[in-house]
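What follows is one structure encoded as structure tokens, with my remarks underneath.
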RNA sequence: AGGCUCGUAGCUCAAUCGGUGGCAGCACCGGCCUUUUAAGCCGGGGGAUGAGGGUUCGAGUCCCUCCGGGCCUACCA
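Numbering (the numbering used here), first residue to last: 65 to 575.
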């Protein structure tokens, strides 16, 4: 244990000896929050110059002590609660009236440490420097902190001192990060608000929020390596879901007009700035709609999120150095037109060989198993994707890449699919869902062939899903959004770890 | 998985070419101060430099292995 930890444990014992319970059981009734008092405290100056305090004259606050400034027989502290910080003012003669000054000299000045939770009662006032503060009349320990917090300081100009910045420590001890870094807290508040906005919007559309299995006997609906586990009682393998698409469609078959699920997906793949092994997805499926309808809905949903999260209620969000306009309509660009625009290449009429030659010249990595559709996808990823900064619907993909998507109503060889790109990254993927069971079986067979050729991403046949389609699924539009990536986008973060409370990490040696 | 890079006190950081780890700031301990706010002033303590090995008269610094992090690449709808 470090010197400071030993001292705090000593303080703990002394508190108990003094008859103070450092961890009292009874509730402390909070009647006010720091930020509210700071924002709303009012006083008037009378004609004779004296001040009349108008509100917050009997308040009870609770939180952590984040700074103390002793000034002789008076003392200032900063109290941090869930709303923010406020200055406290204490005087010896009030804490320890009369001869017995133990409470002041020993308890408040010595045994109280930064990070301790306290409850205080008192009244709001303004100091002579004009800072709204609480004059403390009663003081109570609520919980003793036994480790020194890496408290971050800021001066009047906003300069930060002693920042707590080491990402490893911040992620491993997110509780500390959240305590000392208010901007981190702000990111997660925004994330929560974003999800709340999404739910409210989908509920308004009349969709039903549902839950589908996370443990699945067949991992379908996407192309990714799953986490595998084992059920003991049934003695069978189970997979953590990589997607929930096929289950949500089964619910559409079952007669729900619209369903959505917000939940975790699990993919046993590499980790980087935009990938965490478990991540959150929103998927929703609506009967009798098509992908054009989904584009309109997406625009409206994103505009709402932007209004909810932007500082001014507007539709623009600053992500890094780029201002992104979320008010619709967004540009709608076919995949072929997009490639033509950014490369001059006419992929529509090009042969597989010509595409292969182009990739070779451009230094785009390819391998012999790739068909035309895959080559187009590679060219797009390499040459186009990073240009799509403002929200753009990329529409109409080659059929080979989209085994669950309905064939295009008028363009042979394509499917009714779009992906939404913002800030150079894909954030959503949508289809007019394939509901022809015969076609779907053929597509699965094509996937099996791809798998046989060595494509590890190929989807597996799901006979029960086909059976469901054979019973009949209405025409349906469906879309999936990566919630974490949306959170990154709307909070301007570069790393997925900054929008996950507890990103995946290797274990520590010792704690 | 590969490449690069980082790991020094509770936090943020110094340490020349390999030459005794810093009166460093904050935090901590003792003292002073009845309106301070990165409070201030006086005094003080705190480190097996991520772990292990090697080279050297001498290693925080160079080499190797391991652990953990970051960035990039690969993988990944």
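Even glycine gets a Cβ: it sits at the ideal position worked out from N, Cα and C.
All values derive from a computational prediction rather than experimental measurement.
The beta strand (DSSP E) runs lying completely inside the stretch 507-565 and spanning 3 residues or more are 540-546, given in chain order.
When beta bridges are read from the DSSP output, residue 489 appears opposite 486. Unbroken alpha helix (DSSP H) runs of no fewer than 4 residues, entirely contained in the stretch 176-211, are not found. Relative to residue 499, the option among 480, 213, 447 whose CA is nearest is 480. In the three-state reduction of the DSSP assignment, residue 421 falls in the helix class, which pools H, G and I. For residue 271, the closest C-alpha among the options 349, 202, 233 is that of 349. For the stretch 280-363, the full-length alpha helix (DSSP H) segments reaching 4 residues or more read 309-317 along the chain. Boundaries for residue 243: no beta strand (DSSP E) harbours it, while the alpha helix (DSSP H) harbouring it runs 238-244, taken from the DSSP string. Exposure of residue 95 is indicated by the presence of fewer than 16 other C-beta atoms within 10 angstroms of its C-beta.
Under the three-state reduction of DSSP output, residue 92 falls in the coil class, being neither helix nor strand. By the neighbour-count definition (other C-beta atoms within 10 Å, threshold 16), residue 470 is a buried residue. For residue 139, the enclosing beta strand (DSSP E) begins and ends at 138-145.
Between residue 177 and residue 72, the CB-CB gap stays under 7 Å. Within the stretch 98-132, the complete beta strand (DSSP E) segments of 3 residues or longer fall at 107-109, 115-117, listed in chain order. Between residue 505 and residue 468, the gap from beta carbon to beta carbon reaches 7 Å or more.
Of the other Cβ atoms in all chains shown, fewer than 16 fall within 10 Å of the Cβ of residue 337; this residue is therefore exposed. When C-beta atoms of the stretch 146-165 are compared with those of the stretch 194-201, three or more pairs fall below 8 Å, so the two segments count as touching.
Sequence-distant Cβ neighbours of residue 511 in its own chain, meaning closer than 7 Å and more than five residues away, are 467, 522, 523. For residue 469, the beta-bridge partners assigned by DSSP are 497. A contact between stretches requires three or more CB pairs, one per stretch, nearer than 8 Å, and the stretch 442-455 meets this requirement with the stretch 405-416. Assigned with DSSP and collapsed to three states, residue 172 falls in helix. About 6 Å separates the beta carbon of residue 383 from that of residue 553, a gap short enough to meet the 8 Å contact definition. Comparing C-alpha distances from residue 564 to each of 549, 572, 421 shows the shortest one belongs to 549. Rounded to whole angstroms, residue 105 and residue 460 show a C-alpha spacing of 58 Å.
Taking the CA atoms as reference points, residue 212 sits about 16 Å from residue 230.
For the pair residue 121 and residue 228, the CB atoms are not nearer than the 7 Å cut-off. Cβ atoms of residue 149 and residue 98 come within 8 Å of each other, at about 6 Å.
Annotated three-state conformation of residue 407 is helix, per DSSP.
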